[in-house]
Amino acid sequence: MAVLKVIEVLANSDESWEQAAKNALDQASKSVKNIRSVYINEQSASVKDGKIDSYRVNVKITFEVK
């Protein structure tokens, strides 16, 4: 039986929500091992001069505790 833990991570990107999610995973992977899944909990964007300035995601990352 596996024991799993979930953490919540906020990340952003100037390119896209997908890149923001990748940034969250890349950053979490530096200190968290055995990552099993990433769940996009929320997406938002900041706007400047009528255009999207940056993309933001709130993700839940699930990993196995060994």
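Number 49 in the UniProt record's numbering belongs to position 49 of the sequence shown; there are no gaps in the numbering.
Where is the CB? At the ideal position from N, CA and C, for every residue including glycine.
From the listed residues K51, K48, S54 and I40, the smallest Cα separation to V9 is found for I40. Sorting S13, N34 and S37 by C-alpha distance to the C-alpha of S44 places S13 at the top. Under a 10 Å Cβ-count criterion, A2 is classified as exposed, with fewer than 16 other Cβ atoms of the shown protein chains found around its own Cβ. For E42, same chain residues with a beta-carbon under 6 Å away, outside a window of 5 residues either side, are N58 in chain order. Under the DSSP definition of a beta bridge, N58 partners with L10 and E42.
According to DSSP, V65 shares a beta bridge with V3. If you look at E18, you'll find it in the alpha helix (DSSP H) that goes W17 to S29.
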